[in-house]
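Working notes, beginning with the structure itself.
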Amino acid sequence: MRFTKMHGLGNDFVILDNISQGIKVDSSLIRKIADRHFGIGCDQVLMVEPPNSPELDFNYRIFNADGKEVSQCGNGARCFGRYVYEKGLTDKKHIQIGTYSGTMEIDVSDLTHIRVDMGIPQFSPKAVPLNHKYFHKLANTGRYRINLLGNEREVTILSIGNPHCIISVPATSEAAVNEVGKALQEHPAFPKGVNVSFIQVLARNHVKCRVYERGVGETLACGSAACACVIAGILQEELNSEVKVDMPGGSLTVSWRPEMPVYLSGPAKSVFQGEFYLSINEEIF
32 MRFTKMHGLG NDFVILDNIS QGIKVDSSLI RKIADRHFGI GCDQVLMVEP
82 PNSPELDFNY RIFNADGKEV SQCGNGARCF GRYVYEKGLT DKKHIQIGTY
132 SGTMEIDVSD LTHIRVDMGI PQFSPKAVPL NHKYFHKLAN TGRYRINLLG
182 NEREVTILSI GNPHCIISVP ATSEAAVNEV GKALQEHPAF PKGVNVSFIQ
232 VLARNHVKCR VYERGVGETL ACGSAACACV IAGILQEELN SEVKVDMPGG
282 SLTVSWRPEM PVYLSGPAKS VFQGEFYLSI NEEIF
């Protein structure tokens, strides 16, 4: 099975081409590939598949390191776009892909700064999904008050194809990312889990962000979380419509105006490529 290892700001992926290879995966195989000691190692495994409708160029599937399939990954989308373009699977500069949650457009006109249309954010509890009986809803869009680990916090909750909970902090370096992230990940309010982001506003066009990703833990970067943080800041009237987002792995640019799609721009890089072998008793084909 041939693979390519890529990353977006250290958020790393194993990409499998399921157009030229007949690949069927299960959660056990995904966990083996993602294992950093006994496998290749990655945050997510990405699958390139033929389009499932005529208006699309490809289908895009995403599996977290724990083996579960998820709906959205912005850093992965940029790597996906660079992969299919550089591998000659398409000569288009604007690529339409289908995901578990809808469609996306990837602009690979500039391979050093790939731009992704992440869609229109959703705030309804059903879209997230969120069991809002556990939280007190505030007047602002997507704002809730919760009691967690003995502290009352105000958070923004929304979906960009996957669920996000955003918490403002004075300094991301001092945020209890793993403790709070794990507690919210396991909270009954989030039946499908949640990505938890901690945002520090530096200026109206500049923020810092750390993220606890569901099924992964803290990552060096998360594209959809960067978008969620900027959306939350704009709704709180703290940020402009275009913002630089610093994460431990590097910086991304997010642009958004209410009621419109959110755009994510940043790098995507190949690390290496190779092959791995499956024993004959692994019943995945």
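Going by my numbering, the sequence shown opens with residue 32, and the numbers climb by one from there. In this text, a Cβ means the ideal position worked out from N, Cα and C, and glycines have one as well.
Nonlocal neighbours in the same chain, by C-beta distance under 7 Å from residue i, ignoring five residues either side
i	result
Q127	E86, L87, D88, T134 and E136
F303	K36
Those residues which DSSP pairs with residue i across a bridge
i	result
F89	I128
Backbone secondary structure at residue i - three-state DSSP
i	result
N182	strand
Y308	coil
I265	helix
I46	strand
V115	helix
T172	coil
L60	helix
Presumed contact (8 Å Cβ cut-off) between residue i and residue j, rounded CB distance
i	j	result
R245	N226	6 Å
V208	Y243	5 Å
Sequence-distant residues of the same chain with beta carbon closer than 8 Å to residue i, five excluded per side
i	result
L161	I188, P194, A220 and F221
G224	P194, Q216, R245 and G246
For residue j and residue i, the rounded distance between their alpha carbons
i	j	result
C104	A256	9 Å
E190	L142	At residue 190 the sequence reads Ser, which differs from the Glu that was named. S190 and L142: Cα-Cα distance of roughly 27 Å.
A214	R146	33 Å
Q231	L120	40 Å
S310	G39	31 Å
G192	G181	30 Å
N49	M78	6 Å
N83	Y131	11 Å
V159	E185	17 Å
S272	Q75	29 Å
F94	P279	22 Å
V101	L295	19 Å
6 Å CB neighbourhood of residue i in its chain, flanking five on each side removed
i	result
F34	V45 and L47
G305	none
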